[in-house]
Amino acid sequence: MTGVPASAAGGSGAPGAQGTKPVRGGKLGVAAVNEASLWNIANLLTMARLLLVPAFVMLMLAEGGYDPAWRSLAWASFAIAMITDLFDGHLARTYNLVTDFGKIADPIADKAIMGAALICLSALGDLPWWVTGVILGRELGITLLRFWVIRYGVIPASRGGKLKTLTQGVAVGMYILALTGPLATLRFWVMAVAVALTVGTGLDYVKQAVVLRRRGRASEKAAAAEKPSDEGSGGESSPHAGSQDAGSNGRSPDELALEEGAAARRAADGRTAGEEPER
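For the sequence shown, counting from 1, position 172 maps to 172 in full-length UniProt numbering; every step adds exactly one.
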């Protein structure tokens, strides 16, 4: 699904006309909106990030997975993937390039590159498996939680969640590199902060989801409780309500009777021949 302003799509309306939203970026912005299809720049960056996943795994495991040169190349591919994650979302929002493909592929690409890095590091013995389990378990659990509350609304990304993503990327990137000495110690603490943020933001997300679902269910119950009362009040209306709704335009039965009597007298006098009955 791609939302395109009418003026950009070839519809009527001047750039400053009422009801149209100006496109940021001038001519470049208008061109980007006109090309808001599967092959727009945001989706191309997402596709490139997906293609980087197998390339990263091959570089990470080359020569047994412990060669510093290959690990540096693996870090470069990981860094490119993380950077493209920032740009594709920004471009999609700025130039209105949001598509169904992007909505599905973007989170998949994010989790694929991070999951591949964590699993490779744990398989090589550089990172404990429980760390990989906590991070990937949190991501999978939050994804399932989104489906659990999606009918009641969407929980926006918090600052803690954004900080968690940034810290995870830095920590995993430091583990990918063959670091020694103080930098190796530093990466341990950065990863510890990333794990703490992962757990903390995950619990906060669960809390918000429970509150959102509880409010949604309460609203549904309130609406269901009001519906029978509305139907009951409709059933206690005047016996002439049906006739009023059918053709009286809200006039009372007495007014209708007077009007009908007047019309009958005019017809008897011969002054209303051929006139359409009043409604």
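Even for Gly, the Cβ is constructed at its ideal location relative to N, Cα and C.
Remember, it's a predicted structure, so these values are computed and weren't measured experimentally.
Taking C-beta to C-beta, are Ala-218 and Ala-194 nearer than 8 angstroms?
It is not a contact, given that the beta carbons lie outside the stated cut-off.
So for Asp-245, helix, strand or coil by DSSP?
In this predicted model, Asp-245 has a pLDDT of only 46, less than 50, meaning its place in the structure is not dependable enough to derive any value.
Looking only at its chain, what residues have a beta carbon closer than 6 angstroms to the beta carbon of Tyr-205, apart from the 5 residues adjacent to it on each side?
Closer than 6 angstroms at the Cβ level, and outside the excluded window around Tyr-205, lie Ile-142.
Compute the distance between the beta-carbons of Leu-177 and Trp-70, then report whether it is under 8 angstroms.
Cβ atoms of Leu-177 and Trp-70: not closer than 8 angstroms.
Should Tyr-66 go down as buried or exposed, given a rule of 16 or more other Cβ atoms within 10 Å for buried?
The residue in question, Tyr-66, is exposed, as its Cβ has fewer than 16 Cβ neighbours within 10 Å.
Shorter than 7 angstroms, the distance from the beta carbon of Val-134 to the closest heavy atom of the ligand FAD, or not?
By its list of ligands, the structure shown contains no ligand whatsoever, and the ligand FAD lies outside what it can speak to.
Looking at the unbroken alpha helix (DSSP H) that takes in Ala-157, where does it start and where does it end?
Note, Ala-157: premise wrong, no alpha helix (DSSP H); not H, not E.
Mind checking whether Val-57 and Ala-109 have CB atoms under 8 angstroms apart?
No; because the gap between Cβ atoms is not below 8 angstroms, this pair is not in contact.
Please report the distance separating the alpha-carbon of Gly-25 from that of Thr-94.
The predicted position of Gly-25 is uncertain, since its pLDDT is 48 and thus under 50; no value can be drawn from it.
To the nearest angstrom, how far is it from the Cα of Arg-146 to the Cα of Cys-120?
For Arg-146 and Cys-120, the distance between alpha carbons rounds to 27 angstroms.
How far does the alpha helix (DSSP H) with Glu-63 in it extend, from its first residue to its last?
Per DSSP, Glu-63 belongs to no alpha helix (DSSP H) and is neither H nor E.
Could you give the uninterrupted runs of the alpha helix (DSSP H) lying entirely in the stretch 104–169, keeping only those of 4 residues or more?
You should have 129–149.
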